[in-house]
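From first to last, the protein sequence lines are chains A and B.
In terms of our numbering, the first sequence opens at residue 15 and continues consecutively.
In terms of our numbering, the second sequence opens at residue 15 and continues consecutively.
First the structure, in the form of structure tokens, and then the observations on it.
Number of protein chains: 2
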Amino acid sequence: MTLTHPHRQKQLQKLLQKLGLSENSPVQWQLLDLALTHPTISPAANYEQLEFVGDAVVRLAAAELLLETYPDCQVGEFAAIRSVLVSDRALAKIADSYGWDRYLLVANSAAADTAGLESRLADSLEAVLAALYLSTHTLELVRPWLDSHFKQLATEIRTDPARQNYKAALQEWTQAHYKALPVYRVKETTQVHDDAQRFTAEVLLEGRRLGQGKGRSIKAAQQAAAQEAFLSLHQASHPDFEP
Amino acid sequence: MTLTHPHRQKQLQKLLQKLGLSENSPVQWQLLDLALTHPTISPAANYEQLEFVGDAVVRLAAAELLLETYPDCQVGEFAAIRSVLVSDRALAKIADSYGWDRYLLVANSAAADTAGLESRLADSLEAVLAALYLSTHTLELVRPWLDSHFKQLATEIRTDPARQNYKAALQEWTQAHYKALPVYRVKETTQVHDDAQRFTAEVLLEGRRLGQGKGRSIKAAQQAAAQEAFLSLHQASHPDFEP
């Protein structure tokens, strides 16, 4: 691993400052440099390995925060909220709020790929989380700035239940436990526009009904069905569900 | 949270000793007690919340170990190995090696459910990892004993490639990136028993072929196809794959 170039070092220090971290923080600069280097710049020395570690760091940070902030929350709700917090979309937004593109080294060819922008930002943010974690082997350099983003998003999710992505959470769960995907069936119950019960959805796993729900839109009805399914599966710690 | 009963405290100290940790370790005993309490004992105070944190702790511990042990390994291989390390099956085996059933409090009704044994052990091991992590906010009380199990298993996986679960890794990846499951098609190429090319499998995602492979058994051919697909998807950091 080579020493970080002075110009690059300054750039990285600037980012650290933006994150609200002291310039004397015990940061491993080479790791931070790697975390902000896209594979198109170097096929061998880029953020991919760190992203692999960062995927776990971000889940851990989110879990700790949720447990501390909502000690009485159901585990099912935790999981649903966390799946939103650690999504590419949420992470890319956080990275973007720091003007990430000024720090992330990307070849021009890849930079032109705007469709890949969200995952580039999210992947590299995960890698930075790993670099900061590995610098101290604690979350000391991570939580001071990440917590505030997660807290705000968690509050938004809890006040606006439609943002709680129960479909994603249910899918993750059925995948892990049954290696199968939930299937949704939707019926239009009434054609009255904006009727909160216009659509009825049911969600099935390998033919068995797990839940149902109603909503103003197809998506809302599916989310309601997923919520019922997800919370009931989580209430029973060892559901006697045998698909 | 109540103080831990003296008898229970002794039991937990015994487990700590078995894990090779000093009896003066800064362990939060109430958390460790919770981590070893099944929901059938207490619907409110059990291991479920800790398991939620532990899921991230175990992924982080595995990622750090793999990165340190195999610094030149491809990220695709890391992911494949980690998905085996953090599987219920692997974690339950680790728990079992410490005689976990002597420490895990379970109601008789649930204890009789032998089918649920593997997930009980794995879930509670994850919860213990969380309790130990939360006691110091580092992996200091986790890696000294968990590493040796993971190292041994990782070595076994690497020497016996059939144990590298590329199917699971590919599935996790397509799920995360495309919210879809890979589909396998298998043909019997020859009926010669034990021919290493007896079966040919191809794996598709939403109709597009991702990889193919041959093998002595259906499972081996599918794994070979999954490996080709998984490694090629990972080589291109932003594959121009559009299903």
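Glycine residues also receive a C-beta, built at the ideal position from the N, C-alpha and C atoms.
Closer than 8 Å at the beta carbon, the chain A residues around T152 of chain B: Here the neighbours are H151, T152.
Beta-carbon proximity list for A76 of chain B, same chain, < 7 Å, skipping 5 on both sides: R96, L99, V100, F164
Nearest-angstrom Cβ-Cβ length linking L81 of chain A and V142 of chain B, presumed shorter than 8 Å: That pair is no contact at about 16 Å.
F92 of chain B: contacting residues in chain A (beta-carbon distance under 7 Å): F66
Where do the ends of the alpha helix (DSSP H) carrying Y180 of chain B lie? 180-192
Nearest to R55 of chain A by CA position, among A:A215, A:L224, A:L184, A:V120, is which residue? The sequence shown places Ile at residue 55 of chain A, not Arg. Answer by Cα proximity: A:V120.
Should V41 of chain B be labelled buried (16 or more other beta-carbon atoms within 10 Å of its own) or exposed? buried
Going by DSSP, what residue range makes up the alpha helix (DSSP H) through L99 of chain B? 89-99
Write down every uninterrupted run of the alpha helix (DSSP H) in the segment 18-99 of chain B whose length is 4 residues or greater and which is fully enclosed by it, in chain order. 20-32, 43-49, 62-83, 89-99
Three-state secondary structure (DSSP) at Q226 of chain A? DSSP places Q226 of chain A within a strand segment (E or B) once states are collapsed to three.
Verify whether the separation of the beta carbon atoms of E220 of chain B and A194 of chain B is less than 8 Å. yes
Just verifying my parser: in three-state terms, what is the DSSP assignment at V120 of chain A? coil
Below 7 Å between beta carbons is the criterion; list the residues of the segment 70-104 of chain B that meet it against any residue of chain A, in chain order. A70, V71, R73, L74, A77, E78, L81, V89, F92, A93
Using three-state DSSP, classify L195 of chain B as helix, strand or coil. Here L195 of chain B sits in coil by DSSP.
Taking 8 Å as the CB-CB cut-off, is M15 of chain A touching chain B? Because the pLDDT at M15 of chain A is just 43, under 50, the model does not fix this residue reliably, and the point stays unresolved.
On the CB-based measure, 16 or more other CB atoms within 10 Å of its CB, does L247 of chain B come out buried or exposed? buried
Assuming T214 of chain A is part of the alpha helix (DSSP H), what are its boundary residues? For T214 of chain A, no alpha helix (DSSP H) run applies; the uninterrupted beta strand (DSSP E) run containing it begins and ends at 213-219, by DSSP.
Give me, in chain order, the residues of the same chain whose beta-carbon lies closer than 7 Å to that of R22 of chain A; leave out the 5 immediate sequence neighbours on both sides. D47
Can you pull the chain A neighbours of Q189 of chain B, defined as C-beta to C-beta under 7 Å? Residues of chain A passing the Cβ test: Q189.
Comparing the C-beta of E62 of chain A with each C-beta of chain B, is any distance below 8 Å? Chain B contact via Cβ: present.
Tell me whether E154 of chain B sits in a helix, a strand or coil according to DSSP, three-state version. In this structure, E154 of chain B counts as coil in the three-state DSSP scheme.
Out of B:G130, B:L218, B:V71, point me to the one whose CA is closest to S149 of chain B's CA. B:V71
Can you pull the chain A residues whose beta carbon is under 8 Å from the beta carbon of L247 of chain B, in chain order? None at all; the shortest Cβ gap to chain A is about 12 Å.
Which one of B:S162, B:N179, B:G130, B:Y198 has the shortest CA to CA distance from R222 of chain B? When only C-alpha atoms are compared, the closest one is B:Y198.
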